[in-house]
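Worksheet for the structure shown next.
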Amino acid sequence: MVLYEYPFNESIRTMLRLEHLFDRLGTLMSRDMALDHHFALVTLFEILDVASRADLKSDLLKELEKHKAQFNAYRGSPGLDEARLDEVIARIDGAFQRLNALSGKTGAALTANDWLMSIRSRISIPGGTCEFDLPAYFHWQQLLPVRRRKDLMQWAQSLMPLAEALQLLLGLLRDSGTPHKVAATAGQFQQSLSAGRTYQLLRMRIDPSLGLIPEITGHRLMVSIRLMRQDEESRLKLAAEDTSFELTLCA
Numbered sequence: 111m112v113l114y115e116y117p118f119n120e121s122i123r124t125m126l127r128l129e130h131l132f133d134r135l136g137t138l139m140s141r142d143m144a145l146d147h148h149f150a151l152v153t154l155f156e157i158l159d160v161a162s163r164a165d166l167k168s169d170l171l172k173e174l175e176k177h178k179a180q181f182n183a184y185r186g187s188p189g190l191d192e193a194r195l196d197e198v199i200a201r202i203d204g205a206f207q208r209l210n211a212l213s214g215k216t217g218a219a220l221t222a223n224d225w226l227m228s229i230r231s232r233i234s235i236p237g238g239t240c241e242f243d244l245p246a247y248f249h250w251q252q253l254l255p256v257r258r259r260k261d262l263m264q265w266a267q268s269l270m271p272l273a274e275a276l277q278l279l280l281g282l283l284r285d286s287g288t289p290h291k292v293a294a295t296a297g298q299f300q301q302s303l304s305a306g307r308t309y310q311l312l313r314m315r316i317d318p319s320l321g322l323i324p325e326i327t328g329h330r331l332m333v334s335i336r337l338m339r340q341d342e343e344s345r346l347k348l349a350a351e352d353t354s355f356e357l358t359l360c361a
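The opening residue of the sequence shown carries number 111 in my numbering; numbering runs sequentially from there.
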């Protein structure tokens with residue numbers, strides 16, 4: 111099954127983008143080729159661009175505090191696994207403390223590195239990191255993979271508390287939903303959302319053998335999914351057949 115996710119607000123949209131970038135960074139750093147490590151640096155700079163929002167850190171800290179308060183409110187509930195609850199709250203506390211311990215703006219340690227910033231200033235220029243433009247960077251690319259990986263891990267280290275907080279918050283959000291099977295009629299599906307609940311994330315799983323691509327739109331009152339299929343020229347057209355897929359709404 112192929113998983114698609116759709117955020118209902120800008121905060122979750124930013125978190126999903128950062129999660130995507132951190133996943134890519136981890137994959138590229140684990141490889142050995144200099145080209146992979148070049149794109150690991152590109153990804154690191156993309157993370158800096160997204161994470162540079164002044165209120166991102168404070169927003170994540172508020173979300174962690176809110177989740178801790180919600181979990182503490184469950185204490186004493188009948189049938190509750192207190193040990194499991196303590197474990198989750200300890201994870202939230204740890205993520206909060208490590209993120210809060212970061213001083214200054216997110217990625218400040220990287221932006222203070224003149225060598226990295228010289229690469230960042232040219233990396234968006236087509237061909238701007240050739241050896242005649244940045245000989246010191248070209249030299250770094252010739253180092254052994256283990257040395258380049260060590261440098262990349264050191265540079266990424268200051269961003270790890272951010273990655274940990276994102277992983278925890280998105281994991282808690284995803285766990286809040288219950289998957290159920292729904293049917294799309296003539297390629298279209300609509301569902302009204304409960305007025306008393308504020309959904310933040312939609313998740314859908316669909317069989318890849320169907321060859322269908324979902325176009326998802328939604329807001330606090332309604333979600334709509336159109337199932338599309340590519341023609342020979344890769345243009346998307348509405349699939350006319352009835353089909354089913356798994357839907358999860360996370361609040």
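Ideal Cβ positions, reconstructed from N, Cα and C, are used throughout, including at glycine.
message = Assuming A293 is part of the beta strand (DSSP E), what are its boundary residues?
response = On the sequence shown, residue 293 is found 183 positions in, with the first residue counted as 1. From DSSP, the beta strand (DSSP E) with A293 extends over H290 to A294.
request  = State the Cα-Cα distance for the pair R258 and L279, rounded to the nearest angstrom.
outcome  = The residue you call residue 258 lines up with position 148 of the sequence shown. The residue you call residue 279 lines up with position 169 of the sequence shown. Using only the alpha carbons, I get a separation of about 31 Å.
message = Per DSSP, what are the beta-bridge partners of V333 in this structure?
response = By 1-based counting over the sequence shown, the position of residue 333 is 223. Q301 and G328.
query = Expressed to the nearest angstrom, what Euclidean distance is found between the alpha-carbon atoms of G136 and L154?
reply = As a first step, residue 136 is located in the sequence shown; it is residue number 26 there, counting from the start. As a first step, residue 154 is located in the sequence shown; it is residue number 44 there, counting from the start. Between G136 and L154, the C-alpha separation is close to 10 Å.
request  = Please state if the CB of R315 and the CB of L113 are separated by a distance shorter than 9 Å.
outcome  = What you label residue 113 is simply residue 3 of the sequence shown in a count that begins at 1. What you label residue 315 is simply residue 205 of the sequence shown in a count that begins at 1. The Cβ atoms of L113 and R315 lie closer than 9 Å to each other.
query = Would Q310 be called buried (16 or more neighbouring beta carbons within 10 Å of its own) or exposed?
reply = Position 200 of the sequence shown, counted from the start, is the residue given in the question as residue 310. The residue in question, Q310, is buried, as its Cβ has 16 or more Cβ neighbours within 10 Å.
task = Taking all protein chains shown into account, decide if Y184 is buried (16 or more other Cβ within 10 angstroms of its Cβ) or exposed.
result = The sequence position of residue 184 within the sequence shown is 74, counting from 1. Within 10 angstroms of the beta-carbon of Y184 lie fewer than 16 other beta-carbons, which makes it exposed.
inquiry  = Does the contact criterion of 3 or more C-beta pairs under 8 Å hold for the region 160–169 versus the region 208–217?
reply    = yes
ask   = Going by DSSP, what residues sit across from P117 in a beta bridge?
value = Here residue 117 refers to the residue found at position 7 of the sequence shown. Paired residue(s): L311.
query = Under 9 Å between C-beta atoms, does I199 make it to chain B?
reply = Among the chains of the structure shown, chain B does not appear; only one protein chain is present.
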